[in-house]
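Data block below; observations after.
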Amino acid sequence: NKIPNGQTLQKLADYFHVSVDYLLGRDTTEPENQTVDLAELANKPKDFDWDSVLSVGGKPIPEEDKEIIRRLFAHKLSD
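Going letter by letter, the sequence shown gives residues 103 to 181 in this note's numbering.
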């Protein structure tokens with residue numbers, strides 16, 4: 103088992119939009135939902151983890167619903 107260094111913890115915290123203290127269990131305040139700019143997401147690389155933004159209240163969205171969202175997203179950006 104490796105213990106992540108401070109820089110790695112900060113990168114993870116930034117990615118998940120939480121504090122390092124939250125990752126370490128020192129702060130139990132739930133993070134606020136973040137607004138996502140769809141145009142910004144359109145520029146993400148092909149290997150972007152769409153599951154990280156396709157959830158509701160932190161719960162996963164069923165695969166069928168994710169596909170519908172992806173199609174709507176692609177259609178909207180092509181306008």
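Glycine is no exception: its CB is placed at the ideal position from the N, C-alpha and C atoms. The structure displayed is predicted, hence computed values, not measured ones.
Reduced DSSP category for Lys104 - H, G, I as helix; E, B as strand; rest coil: For the purposes of this step, residue 104 is identified with residue 2 of the sequence shown, where counting begins at 1. Coil, per DSSP.
Can you tell me the Cβ-Cβ gap for Val120 and Leu111, rounded? I've got them flagged as a contact below 8 Å. Here residue 120 corresponds to residue number 18 of the sequence shown, with the count starting at 1. Here residue 111 corresponds to residue number 9 of the sequence shown, with the count starting at 1. With 8 Å as the limit, Val120 and Leu111 do not qualify as a contact, their Cβ atoms being about 11 Å apart.
Tell me the rounded alpha-carbon separation between Leu174 and Leu114. Residue mapping note: residue 174 aligns to position 72 of the sequence shown, counting from 1. Residue mapping note: residue 114 aligns to position 12 of the sequence shown, counting from 1. The alpha-carbon atoms of Leu174 and Leu114 are separated by roughly 29 Å.
By Cβ distance below 6 Å, which residues in the same chain neighbour Gly108 in space, the five residues on each side in sequence not counted? The sequence position of residue 108 within the sequence shown is 6, counting from 1. Once the five neighbours on either side are set aside, Gly108 has no close Cβ partner at all.
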